[in-house]
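Here the structure is laid out as structure tokens; the discussion comes afterwards.
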Amino acid sequence: MAEQTKGTQVTLMVQVTHADRNGRPGPDGTLPGTLDRFSIHDGKVDSLASVQSHGVAIDTTSLLQWAGRAAPSDKIALISQGHGHGVDGIAGDTGMASMSGLQAAMKDGLKGTGHSKLDVLDFDRCLMGAAGVQSHFHDLAEHIVSSEEEEHNNGADFDAQKLSAPLSALLHKPEMTPSQLADSFIDSAASGANGKAEIGKTNGPNPHGGVDTLAHFDSTKYPQFAQNLDRLGSALARAAKNPQSREQIARIIAETEGFPEGQKMKGDGERDLKSFAEKLIDAANRGTLADKDQTIAHAAKHLLDAQQAMTPSYYGEKSSTRYDRFGGLSVFLPQGTIEEQAHSLTDIHRLAEGLDGEKAELVFANKEAWSRQVDSILASERETATPAAQKEIDRLQAAHLRVNKATTHDEVLKALKDFTDTARQLEEGNLDREETAAMSPQVAMRRQRLLDSTQVSGAQSWNDFVRKMAS
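So in my numbering, spot 387 of the sequence shown is number 389, and the numbers just go up one at a time.
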């Protein structure tokens, strides 16, 4: 990559985070760590002195400030790489950042750089292709690249967005426009640069390419998109006042495609917006949705046009999930209530989901990291657990210890099954206790996050409709 920068006006400013795994988290959960920095320009790699990490948000600010001072330029792009949780925020080795926290960090980072916004913002993270994410960053980046599904990494065979491909395209043609650069991420995915899935076959542990979905959004078109989303929300909210129509809309939501991988992290509340709008139009045309004057169908059609205008390019894997028919943007449309969704997203629920097959193999391959995560979850549960729950946590801790002591493949899988069964018993006990007591702090926190995730700026009628359907 360094050699490719020779003779170009492109400078790559790279910041790598290393967490101190033995350090104590701060009050905000941020782990201590260091930042290694590299400047790649004109065929050379300059390694700079490491600096202290202050968490994902502040580190983003310092990266933009450093790049703006050390390599001032006419155009600026940011690739944000790590874990993504959609509107819940992002995570890195030294902690998490909320969407509002990251938004503020980017604004602060651009101050004094000569740029009021980024030309391109690429989220090389899972689940960031959400309408709520767009509403946070459309004023901060002219072009945004993100995936509404999980991204996958398994070495050279498939590597998330495989950033070397679009960066090589930029270095080969440094005069490309920001829009062309954003398109190049999608082109790389479509060409199979990051590995492609084949129906009936698997790449490593997962039947996926590096990305199942990837979209380029033109932020200048966001206001018109939000206006049309709001128009559809208003039409649906009026229809939902009729119990029969509400039931019809709920059925369409249930039939709308979601994200098999993403729901493991975020529950089953996320839906592909294009698929939902298309199903509304189809139901109205077939008469299975009461829409006498075609208000809903017309609003859905206008929304599809606005979303297409905002999405210059999209790639979806041709898999059994039909990602190739998606539109690149997800919205929160749960089948059940907010409370049911909140319960499904608790840490204990995730432990109780089942660790067989593919997930068990991943734990076997990364047992140390998984073990640290379990220790953190159980420590958090103990802080608010009742005496009865404390005993069940003790049993789960013992089951966890048996997983750690297991050495052979079969022993680990057997211990994981026992661990999962014990976690399910703890979850069932928690649910029983909450029927006669106040909602647990973790469930209450998840509930508030879900309520926040319904918010799309400039589309209040849509936000109100989603909340009504989930109440």
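Note that CB positions come from ideal geometry on N, CA and C, so glycine has one too.
Your pair L398 and L418 does not check out as a contact, with CB atoms roughly 12 Å apart and the cut at 8 Å. The Cβ atoms of G70 and G114 sit closer than 8 Å to each other. L112 counts as buried, since at least 16 other C-beta atoms from the protein chains shown sit within 10 angstroms of its C-beta. By the beta-carbon neighbour count (other beta carbons within 10 angstroms, threshold 16), Q246 is exposed. Fewer than three Cβ pairs drawn from the segment 231-249 and the segment 312-320 lie within less than 8 Å of each other, which leaves the two stretches out of contact. Nearest Cα to T215 within the set R426, R324, M471: R324. A direct Cα-to-Cα measurement between E5 and I42 gives close to 9 Å. When DSSP states are grouped into helix, strand and coil, A461 belongs to the coil group. Between the C-alpha atoms of Q11 and D326 there is a straight-line separation of about 36 Å.
In the DSSP annotation of this structure, the continuous segment of the alpha helix (DSSP H) that includes V58 starts and ends at 58-72. The beta-carbon separation of D274 and F328, rounded to 4 Å, stays under the 8 Å limit for a contact. For G97, the enclosing beta strand (DSSP E) covers residues 97-99. Take A184, set aside five residues on each side of it, and the residues of its chain with a beta-carbon closer than 7 Å to its own are V122, H145, V147, H218, in chain order.
Partner residues in the beta bridge of Y317, as assigned by DSSP, are L216. Taken through DSSP and simplified to helix, strand or coil, D38 comes out as strand.
Residue environment for N244: exposed (fewer than 16 other C-beta atoms within 10 angstroms of its C-beta). Put simply, the backbone Cα of S463 is about 26 Å away from that of P314. If you draw a 10 Å sphere on the C-beta of L403, you find fewer than 16 other C-beta atoms in it, and that means exposed. Contact between the segment 51-58 and the segment 83-101 is present: 3 or more CB-CB pairs across the two stretches fall below 8 Å. Here A239 is not near D22, since their CB atoms are 8 Å or more apart. Nearest neighbour of D232 by Cα position, chosen from A143, Q309, S181, turns out to be Q309.
The alpha-carbon separation between K175 and S181 amounts to approximately 13 Å.
Counted as a single uninterrupted DSSP element, the alpha helix (DSSP H) harbouring T386 occupies residues 369-386. With respect to S82, D126 sits close: the two C-beta atoms are nearer than 8 Å. Your pair L120 and A79 checks out as a contact, with CB atoms roughly 6 Å apart and the cut at 8 Å.
At a Cβ-Cβ threshold of 8 Å, G35 and T19 count as neighbours.
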